[in-house]
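Taking it in order: structure first as structure tokens, then the write-up.
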């Protein structure tokens, strides 16, 4: 009886986690095809006009995207060694950044730009 209960619970957890993954927004739709475990770059691919390809799943690859923004500004893509996001605002002396895989979710929040290695314009 315990084995049946554990098998049912494992199946429920697997189905639940698969359903959650399908609901992640990407390029205005809902799919997770090709989403890597570290998915901030993958998410950013869906936020720019034309998908630059799977090489940009790696956050650091975004240092080559578009042109140099010359520093932080609203609309710029900010690149850290292991993360990438888009600056969407500036309030109370803080930059507001939207990014995927921020604590395993898509979040928009004030972030320190310390350690940023590039600011890029699309």
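In the working numbering, the protein residues as written are 2 to 123. Even glycine gets a Cβ: it sits at the ideal position worked out from N, Cα and C.
TODO: Quick one: using the 10 Å Cβ neighbour count with 16 as the cut-off for buried, is residue 100 buried or exposed?
DONE: Its Cβ being crowded by 16 or more others within 10 Å, residue 100 is buried.
Open item on the list: Is the separation between the beta-carbon of residue 111 and that of residue 97 shorter than 8 Å?
Closed with: Result yes, Cβ atoms of residue 111 and residue 97 sit closer than 8 Å.
TODO: In the DSSP assignment, find the alpha helix (DSSP H) that holds residue 43 and state where it starts and stops.
DONE: Where residue 43 is concerned, the enclosing alpha helix (DSSP H) stretches over 41-46.
Task: Residue burial classification, residue 58 (beta-carbon count within 10 angstroms, cutoff 16) - done: With 16 or more other Cβ atoms within 10 Å, it is buried.
Open item on the list: For residue 47 and residue 106, I'd like the C-alpha separation in whole angstroms.
Closed with: Approximately 15 Å between the Cα atoms of the pair.
Open item on the list: Residues in the same chain with beta-carbon distance under 6 Å from residue 44, minus the five sequence neighbours each way, listed in chain order, please.
Closed with: Within the same chain, residue 44 has close Cβ partners 101.
Open item on the list: If I follow the unbroken beta strand (DSSP E) through residue 86, where does it start and stop?
Closed with: Per DSSP, residue 86 belongs to the beta strand (DSSP E) from 84-92.
Task: Counted within 10 angstroms of its Cβ, other Cβ atoms place residue 79 as buried (16 or more) or exposed - done: Result: buried.
Task: Beta-ladder partner(s) of residue 109, from DSSP - done: DSSP links residue 109 through a beta bridge to 99.
Task: Buried versus exposed call for residue 124 [16 or more other C-beta atoms within 10 Å across all chains shown] - done: Shown here, the chain extends from 2 to 123; a query on residue 124 therefore has no answer.
- [ ] Might you give, ordered along the chain, the residues of its own chain that have their beta carbon closer than 8 Å to the beta carbon of residue 64, omitting 5 neighbours on each side?
- [x] Once the five neighbours on either side are set aside, the close Cβ partners of residue 64 are 80, 118, 119, 121.
Open item on the list: Within the continuous beta strand (DSSP E) that includes residue 80, where are the two ends?
Closed with: Its beta strand (DSSP E) spans residues 78-81.
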